[in-house]
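Data block below; observations after.
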Amino acid sequence: MNLYPMIGIAVRYERDERFYVASDETHTNLTRVSGRFCRRFFLHLCIDGLQPLRTYVEIGRVAYLTQGKQRGKLCTIVNVVNQNRAVVDGPSTGVPRQAVPLKHLRLTRQKLRIPHSTSTKVVRRAWEKEGVTAKWKESAFAKKLAARKLKANMSDFDRFKLKRTKQAMNRLVRVRFLKLKALAKKSAKKAHEEKLAKKKK
């Protein structure tokens, strides 16, 4: 049985943290390259079914801009130029229609049902109908970004209070853990003594 169609090879480059997925035709070449530059590349085998892809670069895919003048805003892919660039539009978030590199986009799980190269008016209507902004605020990544921004805007006194709060919380957790550990140890000892007593009888 040929397993090559079931296996994809992803190589991560340390400098730009980008992933490249190769097809089965380049399987031999990638193996040779990864062996030659083992200090710069990491080889990962991804078996289909165990780690399936959930997001794709496609028309209507909602993405988060990580670089550029519109950094930190949401947009929608309305056209794919080539394997490196895509045309995005975000009328509800203040992102004008423009072509951006794919490495500047972080794909989300949200997707709009819009035709290829549709108008800005249609994108806005679909965006409001799906409630993308509300769903984005409830996502784990958006909450992580909000927490990161809040932490960056904290003053020295706020950081001190947060540190003391964490210390107090960790102290309570440790005290509770030690109590449960002592209780479990006592129960195990009692069960062992009862077992020995039964054997003597």
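Residues 499 to 699 (our numbering) are what the sequence shown spells out, left to right.
Ideal Cβ placement from N, Cα and C applies to all residues, glycine included.
Which of helix, strand or coil DSSP assigns to residue i
i, result
"Arg552", "coil"
Outcome for residue i when other beta-carbon atoms lying within 10 angstroms are tallied against a minimum of 16
i, result
"Gln608", "buried"
"Thr574", "buried"
"Gln665", "exposed"
"Tyr554", "exposed"
"Gly570", "exposed"
"Asp587", "buried"
"Val673", "exposed"
"Leu648", "exposed"
"Leu660", "exposed"
"Leu610", "buried"
For residue j and residue i, believed in contact at Cβ under 8 Å, the rounded distance
i, j, result
"Thr618", "Arg595", "6 Å"
"Val585", "Leu572", "Rounded, the Cβ-Cβ distance is 15 Å, inconsistent with contact."
"Leu600", "Arg583", "7 Å"
Residue from the options whose Cα sits closest to the Cα of residue i
i, options, result
"Lys567", "Val598, Ser653, Arg583", "Val598"
"Ala624", "Lys693, Ser590, Asn580, Lys571", "Ser590"
"Asn580", "Leu563, Ile557, Val593", "Ile557"
"Leu603", "Tyr562, Lys642, Glu626", "Tyr562"
For this session: Return the chain-ordered ranges of every beta strand (DSSP E) run that is complete within the segment 565-632 and spans a minimum of 3 residues.
Result: The segment 565-632 contains these whole beta strand (DSSP E) runs: 572-578, 583-588, 593-599, 603-609.
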